[in-house]
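Residue numbers (UniProt numbering), protein chains in the order written: chain A, 1 to 274; chain B, 1 to 476; chain C, 1 to 329. We put the beta carbon where it would ideally sit given N, CA and C, even for glycine. Please read the structure below before turning to the comments.
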């Protein structure tokens, strides 16, 4: 009895809810698979997709976003074995699912925790509330490939941002598989866009892009590259999350700084009168 | 006709010294280089004082003094004691408010009515507000035991010299940081008087250091490796340079930059109050306001009526001696700023917009610019896109709420916006859609220490005021 | 109301014909934001009026005073003394101008008329069942006619606030129109005497909102009022700077729309020179010089006059005066 010949998967990019190959036609061999090698053009396409998705996603109710993120966690749970089969440790998969659930719940709470009613010295209603900053470009940490990736994507999108994320170049399979999870949940296309390949090829484009509002350098281990990217980000004054310190504990309580750095606070005044 | 006789506020309340040193480690010291510059009264071009210019060595000395004060005294002082120093400062500011107001008007050119009724009350209120936070930081929402950052480098502009100092120093000190602050080179005097107030309050030496100088001094300060925090208010261009300068460092950065705010007037607006709001939005402080309502977006159906009322109201503006209690619009802060306002206004005329100013006699000496509006402006005009930072309003029209939002957001800036309509649901609909950090509905240019202020997009990041204002000075 | 064409002007005169038209028009006026209006009024109050400007303002304010007594205890002797004071407020200084008018109850009009005849000081009388206005229309009209016949050349009427607040605008309009007719007409209908000027008291303290003040102002002007006046002085809240500001804006806009100029009279609670000057500043910067005359702006006041006189003396002599040096009438 001959063994069944397996059907192998092609690992492509995830842009605008679709799975295109790199427009450059290139791939690279990693984790025993050919993975798309995203180009600068792919990065630009991803920003266009992310920008197009902002209006609908930021405009959705917080309850709706929370529901969708929770749905993603449900789908992740269902694919648990698949991630383990890719080599992601089981406890990391569990932590990633739990992290996703944790962030899902923040959708309709962050405004209450991070907003404020301001007792101004005058006859005015005065309220400050957070809003998403817009399009976030992010670099996922090299490892843990899944938990790190989830910890970068979820806090960006739960508040209504859309994201273009550069996956770990050395371990992109978890990212592409996560994309499959996202594509089969109810997340609108373009809210999350995932690029695989070399950071030096895509991230400088994202950092300099004038239609990107924030840059999350979490996964940039090279200090010189990080500084260069931050300089590029200054051109349109992107909000910047600096690289995670070496030895960062991804399993610890992440706090809300990742959420709040990608938020804008809007203060509204109105007189009180008859 | 009812002519108001001159009603000048007395200058005798201020005592300006012929020259000022740097305020480092609790004392006024001479700069290492011995360099200096002059601060002039923009209403008369009279030299007010000779001001020390801090070089890199002086900045280093100030940063080291701040570091030492942070490590030895301030960083470890119980919050309740830091609070008491801040309350002391607030009280002294209240007690010396007239002196500070007159000095501010002399050095800046702003009307005494504004320095007296707006700037100084807000300065004192800011210190009072943050004083109360100093011993309540665990309740501020940034974790159970938030820590200060260390030494804060702060660079402030000339439009609200003392108020910007308060916005910077009060939260920094409340959170447990020490500071080195550089006031603008055209308006250093109230910061130097504030240094005296620190001495009067027996604030420990080195907690507040004031280094005077221009761009080079500011650059040396923000680039100094010994600072943990950089806070800047000023132009977007300089803000960008600072963001580049701190890239790759551990320095936490907050920026409050330029703006080109839309002030949107609908046909159902309370017209008389809207006109006041337009006037206050662009002519308050000679238009030297980053959140100024410099683009009037008026609904076409009511545009003629609003413009007629606006022109009538502008004709009542009293331009002149900043120390006259009846002056509404004072002097432009500097010759350089006046040149920029003129250049952009000339561009407005050259690009085909229609220029109007009320008849208005300007003093011969000093830097002056009559309140001006441009009608027939389109989004493509420079005066609709670039920050003029002067008493110049660009008027555009719109037809639908969606068009108003689109035009309002069509700028790289995002600091503030105004909405005038009697329809509540429309206000909330617009407020949700305007990409701006402060939205004033049926009011404009209101400020309060409890109310977070700051921009979206190229207007900067971080918030000043309120609980949010602490975040920039805590290690969170 | 932005209209300034002739056809639009005639449209406004048609408004009174229908309740619906009146309501649509009055509710179509721009709203007033309370906080903004009060801030503007307060800001105008910070003007510093000194030296020569103050001297001019004081003389103008004296000329604008409607010297008023509206007490149940008023007697012919009391009102004659008041009228004498109106003619020569400061007997020690002949350069001191006379006041704008004397304002009394209808029964007192004949006694005042004797004193004022030919002086240029006007004689105002509160009619229409002042201050409540709660009498049948015929009685109110008779009240007006009696006052006019006795020599009053200005009638201060009160509007029906109950009808106004209930939204019965036509009723208020018709009543003002009827009173205006009772004041006489320019064609000499009242024994050749010119028509008395009609001041319409809105009693703003009972109107609750500035939106209502603006609507009532327009209603009074549309119905023919020559002046709009804030208050009777008989309810707890009388004239305030923001109420007066809203009324000044109304007369300004009404003239722009119709070409007809209407005067404004804040009344009640204005006691000091400082207060009066704040109002003059407001007139100056809201409606301008056209209204800076006793023909178009009046103060309904009693104790204000002595404070104006004391301040006037201070300016001319350089010495602070005391109340004992001014007559109490």
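Outcome for residue 210/A when other beta-carbon atoms lying within 10 angstroms are tallied against a minimum of 16:
exposed
Where does the unbroken beta strand (DSSP E) through residue 216/A begin, and where does it stop?
214-216
With 8 Å set as the bound, which would you pick, yes or no: does the beta-carbon of residue 271/A sit closer than that to a beta-carbon of chain B?
yes
Unbroken beta strand (DSSP E) runs of length 3 or more, entirely within the region 64-152 of chain A: which are they?
124-132 and 135-139
With DSSP run on the structure shown, which of helix, strand or coil describes residue 209/B?
strand
So if I threshold CB-CB distances at 7 Å, which residues from the region 28-59 of chain C count as touching chain A?
33, 34, 35 and 36
Given a cut-off of 8 Å on the beta-carbon distance, is the pair residue 177/B and residue 152/B in contact?
yes
Taking just the CA atoms, how far does residue 348/B sit from residue 380/B?
11 Å
Exposure of residue 200/B, with buried meaning 16 or more beta-carbon neighbours within 10 Å
exposed
Helix, strand or coil: which one does DSSP assign to residue 4/C?
Here residue 4/C scores only 42 on pLDDT, less than 50, and its place in the model should not be relied on; the value that follows carries that caveat. The answer is coil: DSSP assigns residue 4/C none of H, G, I, E or B.
8 Å CB neighbourhood of residue 113/B in its chain, flanking five on each side removed
325, 326, 327 and 328
For the region 93-126 of chain A, list every residue whose C-beta sits within 8 Å of some C-beta in chain B, in sequence order.
113, 114, 116, 118, 119, 120, 121, 122, 124 and 126
For residue 376/B, tell me which candidate among 359/B, 236/B, 396/B and 361/B has the shortest Cα-Cα distance.
396/B
Cβ neighbour criterion (16 or more within 10 Å) applied to residue 72/C:
exposed
Contacts that residue 26/C makes with chain B (C-beta to C-beta distance below 8 Å):
Residues of chain B passing the Cβ test: none, with the nearest at roughly 15 Å.
Cα separation between residue 241/B and residue 311/B?
40 Å
With respect to the alpha helix (DSSP H) encompassing residue 282/B, which residues constitute its N-terminal and C-terminal limits?
271-283
Inspect the beta-carbon positions of residue 11/A and residue 39/A and report whether they are closer than 8 Å.
no
By the DSSP assignment, the beta strand (DSSP E) with residue 239/A in it spans what residues?
239-241
By alpha-carbon positions, which one of 21/C, 57/C and 40/C ends up nearest to residue 305/C?
57/C
Along chain C, which residues have their Cβ under 9 Å away from the Cβ of residue 274/A?
34, 208, 209, 210 and 211
For the region 195-260 of chain B, which segments carrying the beta strand (DSSP E) assignment without a break, of at least 3 residues, lie completely within its bounds, in sequence order?
208-210, 229-233 and 252-256
What is the DSSP secondary structure of residue 284/C, reduced to helix, strand or coil?
helix
Using CA coordinates, which residue listed in 314/C, 205/C and 59/C is at the minimum distance from residue 161/C?
205/C
Please report whether the beta-carbon of residue 96/C lies at a distance below 8 Å from any beta-carbon of chain A.
no
Does any residue of chain F have a CB that is nearer than 8 Å to the CB of residue 280/C?
Looking for chain F here will not work: the only protein chains present are A, B and C.
If you reduce the DSSP assignment to three classes, tell me which class residue 17/C lands in.
helix
At the level of alpha carbons, what is the spacing between residue 322/C and residue 309/C?
10 Å
Hey, which unbroken runs of the alpha helix (DSSP H) at 4 residues or more fall wholly within the region 207-282 of chain C?
210-222 and 241-258
Closer than 7 Å, Cβ to any Cβ of chain B: which residues of the region 242-271 of chain A, in chain order?
257, 264, 265, 266, 267, 268, 269, 270 and 271
Looking at the secondary structure, which residues open and close the alpha helix (DSSP H) in which residue 346/B lies?
335-350
Is it the case that the Cβ atoms of residue 249/C and residue 268/B are separated by a distance below 8 Å?
no
Buried versus exposed, by CB contacts within 10 Å (16 or more), residue 219/B:
buried
Quick one: what does DSSP say residue 468/B is sitting in, helix, strand or coil?
helix
Would you call the CB atoms of residue 83/A and residue 272/A closer than 8 Å?
no
Just tell me which of 272/C, 325/C, 287/C and 111/C has its CA closest to the CA of residue 61/C.
272/C
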